[in-house]
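Visitor:
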Amino acid sequence: MKKTNINILVACEESQRVCNKFRKLGFNAYSCDLLECSGGHPEWHFNCDVFEVIENKGGVLQNGKHAKVSQWDMMIAHPPCTFLAVSGAKWYYHPKDKDLPLEQKRPHPKFPNRAKDREEASKFFMDLADAKIPYIAIENPIGIMNTRYKKPNQIVQPYHFGDSTSKKTCLWLKNLPPLKHTNIVDPGEFIEFKSGKK
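Residue numbering for the sequence shown follows my numbering, starting at 1 and increasing by one per position.
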């Protein structure tokens with residue numbers, strides 16, 4: 001099969017960074033996001049709900065033209081992590097309730113809908129994982145999906161690919177091999193706070 005016949009959907013991507021890389025390699029790739037694209041190629045961007053694009057095998061592009069594929073062969077998904085990542089856990093409960101049992105904790109006064117938002121984000125993630133597409137990769141930071149769904153197939157760091165920084169990124173893979181580290185470099189400086197957090 002020629003690369004130009006392989007249809008790739010990059011979900012939750014307005015930047016088009018991944019989409020552009022696949023296009024440069026000769027694949028028929030499209031980005032999709034509720035936001036307009038910032039990558040400069042509205043002719044490759046579905047500016048709508050990703051599940052409509054999956055179900056309809058295409059749709060109206062940001063430039064107003066239609067694109068249709070015979071099937072989606074692969075999806076790379078970047079679901080929003082705001083309500084899924086462990087880094088946001090401190091915003092779920094009232095700060096004064098930190099020593100109470102979980103069932104007695106009140107919602108955070110600034111973010112009273114955080115638990116509902118987390119459930120919606122979790123469902124969105126699972127709907128992406130359950131999409132009827134043969135090859136799927138979903139990326140997200142360490143978060144609740146590691147227990148709600150399953151452990152990720154792989155955890156990568158930017159320093160595995162030539163970027164001297166640290167940020168654990170989980171990959172959940174369907175019928176895809178793990179990424180190969182291409183350029184391992186120094187992980188960069190770590191900042192450790194008095195609390196012990198890094």
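Note that the Cβ used here is the ideal one computed from N, Cα and C, for glycine as well.
From L25, N20 and V10, pick the residue whose C-alpha is nearest to that of K2; which is it?
Guide: Here residue 2 corresponds to residue number 2 of the sequence shown, with the count starting at 1. Taking only the C-alpha atoms, the option nearest K2 is L25.
Visitor: Between P95, P79 and N153, which lies nearest to E14 when the distance is taken from Cα to Cα?
Guide: By one-based count along the sequence shown, residue 14 stands at place 14. The candidate whose alpha carbon is nearest that of E14 is P79.
Visitor: So P141 and K168 are supposed to be a Cβ contact under 8 Å. How far apart are they, rounded?
Guide: Start at 1 with the first residue of the sequence shown, and residue 141 comes out as number 141. Start at 1 with the first residue of the sequence shown, and residue 168 comes out as number 168. The distance from the Cβ of P141 to that of K168 is about 6 Å, consistent with a contact at the 8 Å cut-off.
Visitor: What are the boundary residues of the alpha helix (DSSP H) that L128 is part of?
Guide: For the purposes of this step, residue 128 is taken as the residue at position 128 of the sequence shown. Counting along the chain, the unbroken alpha helix (DSSP H) around L128 starts and ends at R114 to A129.
Visitor: Contact defined as beta carbons within less than 8 Å: I believe Y93 pairs with P112. What is the distance between those atoms, to the nearest angstrom?
Guide: Counted from its first residue, the sequence shown places residue 93 at position 93. Counted from its first residue, the sequence shown places residue 112 at position 112. That belief does not hold up - the Cβ atoms of Y93 and P112 are roughly 11 Å apart, past 8 Å.
Visitor: Going straight from the alpha carbon of I184 to that of A137, what length do you get?
Guide: Residue 184 sits at position 184 when you count from the first residue of the sequence shown. Residue 137 sits at position 137 when you count from the first residue of the sequence shown. Answer to the nearest angstrom: the Cα atoms are 22 Å apart.
Visitor: Hey, is the stretch 155–166 in contact with the stretch 61–80, meaning 3+ C-beta pairs nearer than 8 Å?
Guide: no
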